[in-house]
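Protein sequences, first through last, are from chains A and B.
For the first sequence, the positions run 16 to 548 when my numbering is used.
For the second sequence, the positions run 2 to 303 when my numbering is used.
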Amino acid sequence: MADQVLANTGRLARFIFRLDRIRIALWLIGLVIFTIIIPPAFDNLYKTQAERDAITETMANPAMTAMFGPGDLNHYTTGAMTAHQMVLMTAVIVGIMAILLMARHTRADEEDGRIEMIRALPSGRLSYLNASLVVTSATFIGLALFTGFGLYALGIESLDLEGSLLYGATLGGTGLVFAGVTAVFAQLSESSRGTIGWSTAVLLIAYLLRAITDVSNESLSWLSPLGWVSKAEIYSSNQWLPVLLMLAVSIILMVVSNYLNSIRDLGQGFIASKPGKKYASRFLQSPFGLAFRLQRTGFISWAIGLFVLGASYGSIFGDFETFFGDNEMYEQMLVQAEGASLVEQFIPTLMIVIALIATIPPVIAMNKLRGEEKKERLEHILTRAVSRTKLMGSYFVLAVINAFVMISLSALGLWSAGTSVMEEGLEFGMIYSAAIVYFPAMVAMIGIAILLNGFLPRMTHLVWLYFIYSFFVLYLGNMFQFPDWVGQLSPFGHIPQLPIEDAAFMPLFVLSIIAVGIIILGFIGFNKRDLQN
Amino acid sequence: MSVLEVKHLTKTFGKFNALYDVNFDVKKGEVFGFIGPNGAGKSTTIRVLLGILKATEGQVKVFGKDAWDEAVDIHKHLAYVPGDVNLWPNLTGGEVIDLFVKLRGGNNNHKREELIKKFDLDPTKKCRTYSKGNRQKVALVAAFSSDADLYVLDEPTSGLDPLMERVFQECVMDVKSQGKSVLLSSHILSEVEKLCDRVGIIRQGQIIESGSLNEMRHLTRTHILVDTKQSITALEEFNGVHDIEETENGLTFQVDTEELDNVIKHVSQFGILKLESAPPTLEDLFMRHYEGNEKQGVTTNG
């Protein structure tokens, strides 16, 4: 019997590993490096216990607990600090990795009809599912070992062997749990989108449940698998019980997924996909409505993300004042502009990062036009009574609105979090003008995407190269002391740094004129060229 | 009056000559079949006349307007069904149909419901779950519920089952009876034979033959099967007789249409017991043109 349902599992596991070896290797290398570069950096930054104790003051508030989980603030060694500030975030990333890896070789392969072909070969009914479980499990055991020994190998005193192995095991365990969750949803849901969506929802709920209970009632955090990550108390009391729990839960989930798989038909799920709308809403019946509908989920996710990004930057403003406020030396170093507070000095540096990140979604929105063309869907639109100008214009207007919403929401997030943590509050107008001043540069980036689409449609991704250039020279520019013109090759290099600089009208005006010119050129190009895949 | 006029159309992609001096027209109220092997340039031609690709040289006029410059005006009266229908996975079929109809500017809800029923399509399902045939149905429903004057159909039935193919043929006959024009590109020759008034055959970017099926049949051979009392002699001496094969009681052969009269006169001397003749099928035409330049030795089994 076992022979029948599990035939050729080993061979299939090797096959899946062969397909994913580079993907898996990149994930592992990325995660391990991301983990082991942190402790030496902390060690360098906070050289004495006194310095580390100083930082615990800024950590001992509900906002930080909600974000990072509880930590051993009384014995804040480099190890405890790493575990406190890093392990939960890394665990979330590991969870995402588990969802993506697992969905790929369960529901996604099934949806595309590949499992059907595998099933027609002499392989068992449950072979493919178990082969992907084997590969994913092996990946997370590898992650646990590499991370554990990697941390220990750093040779930092507070990173002892047991704690390091527990650190790795916690991450690996989280991976196994979410691999199990995904394996179950791959049986329940009928599509790979649904599988990823439901599993990610579980991950988010686990994180939120943990955040709420960590702040209100820590013992309730045992209900969330992500709560167990903090309960392991890595590099302090080293609890192994949470890891055992993770193993138990993941095994149960994997058994459940096997059971569900065995009682369902290929291609079917348990969560019935609800019938969609029979008619299109009035809003959908235009190129603009369609463009928005196609990007709606991404738009909302980015909007929330940027608000949170702004808010998390804003939340450090309070600590910022206490941290630097008493220290005259820092004050002298930073204060260059007269009458500007510490926070105000800090805002331009922050804003350039926020503005650059807020430029990503509008550029994606603009490049979606090219994506649709590649998938041969623009034909449907252009063979009806829609001109190319109207079509591109719809995507352009959407991208501009996108840019405006993104930069506005991140400014709102920054202000609302900042003003709530600072004693004297923050002036909204000051923050908002420092943010919105980047709007012309964002539109210019959209313009570059349009220009590429009009004339070099196969190379629309070059805009990202330009974006990375901008990010590099402006974010790191101050550190490397580049000459001015290097930064000025980017539209972002021409933006006055409010509030410490005056809002100069001229550069913004010139930048806007250039942006408009580029956009018009791009439209002309798009009107003149062939559609091509 | 021509609804669609293609004159000296040439299209190059870099150095590759996709179309060379293509000429044809579609008249009002007729169904024009556009056939040719894969990669011959059918879809490229169609994309040029839809204003998706720009002609390198030549003139393409739809309703007397330039296909590139006045694309939007043209498309108000044109419906198109591509062969490979790529839809948005997270929209339902019903939403896509409404969107398509609306983008053209028309609205014919009554026809929409009727066609959805006829084609047996579930419009509440997401496009991601549709098979190729169902995606094609979405495009067909959108096209035929629009009130267009020219229907451009690029291999629209490649994914449909025979039942649905018949529904499709009914739709084409229906629009034809209303005096609308259809450009139908297809590989299914029986379908073209059944529906089309005139046919254009394209090969390697050039139209090599066009005209009504009757006209084209003149250029080809009739299959003859004949049983006679005495065995036929000297048949091979006639011009235009090909592929003579002996059967149990007689012969089968093919004869060029213009020689038919002489050949039958000759054969009748031997006392005909049984005579069967079959007109050349489109497949014969097709094969003759596709199989390169061998004029002789075309074997068919009509």
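Virtual Cβ for every residue (Gly too), placed ideally from N, Cα, C.
For residue 544/A, the secondary structure class from DSSP, reduced to helix, strand or coil, is coil. Across the set 517/A, 466/A, 502/A, the C-alpha of 466/A shows the shortest separation from the C-alpha of residue 540/A.
Residue-level contact by beta carbon fails for residue 243/B and chain A, as no gap is shorter than 7 Å. Of 216/A, 410/A, 455/A, 363/A, the smallest CA-CA separation from residue 515/A is found for 363/A. Selection 534/A, 505/A, 523/A evaluated against residue 470/A yields 534/A as nearest (Cα-Cα). For the pair of segments examined, the segment 193-207 of chain A was found to touch the segment 109-116 of chain A: the number of CB pairs separated by less than 8 Å reaches three. Residue 158/B and residue 169/B have their alpha carbons spaced roughly 8 Å apart. At a cut-off of 7 Å between beta-carbon atoms, residue 391/A makes contact with chain B.
Counting only Cβ-Cβ distances below 9 Å, residue 85/B has contacts in chain A at 391, in chain order. Only 390, 391, 392, 394, 395, 396, 397, 398, 399, 400, 401, 402 from the segment 381-415 of chain A bring a Cβ to less than 7 Å from some Cβ of chain B. Within the DSSP bridge table, the entry for residue 78/B names no partner.
Rounded to whole angstroms, residue 114/B and residue 200/B show a C-alpha spacing of 32 Å.
In this structure, the alpha-carbon of residue 264/B lies about 14 Å from that of residue 272/B.
At least 7 Å separates the CB of residue 117/B from every CB of chain A.
Ranked by Cα distance from residue 81/A, the first of 61/A, 72/A, 158/A, 226/A is 226/A. Per DSSP, residue 142/A is one residue of the alpha helix (DSSP H) stretching across 142-168.
By the Cβ rule, the segment 477-485 of chain A does not count as touching the segment 385-395 of chain A, because fewer than three pairs are nearer than 8 Å.
In this structure, the CA atom of residue 57/B is about 20 Å from the CA atom of residue 473/A.
Here DSSP, grouped into helix, strand and coil, assigns residue 162/B to coil. DSSP places residue 478/A in the helix class (H, G or I) of the three-state scheme. Our two residues, residue 415/A and residue 395/A, have alpha carbons roughly 24 Å apart in a direct line. According to the DSSP secondary-structure assignment, residue 33/B is paired through a beta bridge with 184/B, 199/B. The C-beta of residue 73/B comes closer than 7 Å to at least one C-beta of chain A. For residue 118/A, the nearest beta carbon of chain B is not closer than 7 Å to its own beta carbon. Residue 126/B carries a coil assignment under DSSP once its states are collapsed to helix, strand and coil. Sorting 449/A, 301/A, 297/A by C-alpha distance to the C-alpha of residue 365/A places 449/A at the top.
Between the alpha carbons of residue 54/B and residue 548/A lies a distance of about 12 Å.
DSSP places residue 152/B in the uninterrupted beta strand (DSSP E) bounded by 151-155. Residue 468/A counts as buried, since at least 16 other C-beta atoms from the protein chains shown sit within 10 angstroms of its C-beta. Closest option to residue 133/B, judged by alpha-carbon separation, among 160/B, 189/B, 119/B, 208/B: 160/B.
Note on the segment 104-130 of chain A: there is no whole alpha helix (DSSP H) run with a minimum of 4 residues. DSSP places residue 484/A in the helix class (H, G or I) of the three-state scheme. Listed along the chain, the chain B residues whose CB falls inside 8 Å of the CB of residue 291/A are 92, 93, 95, 96, 125, 126, 127. Annotated three-state conformation of residue 17/B is strand, per DSSP.
The alpha-carbon of residue 325/A is positioned some 56 Å away from that of residue 11/B.
Within the same chain, 54, 93, 94, 97, 166, 167, 250 come within 8 Å of residue 174/A by CB-CB distance, once the 5 residues on both sides are set aside.
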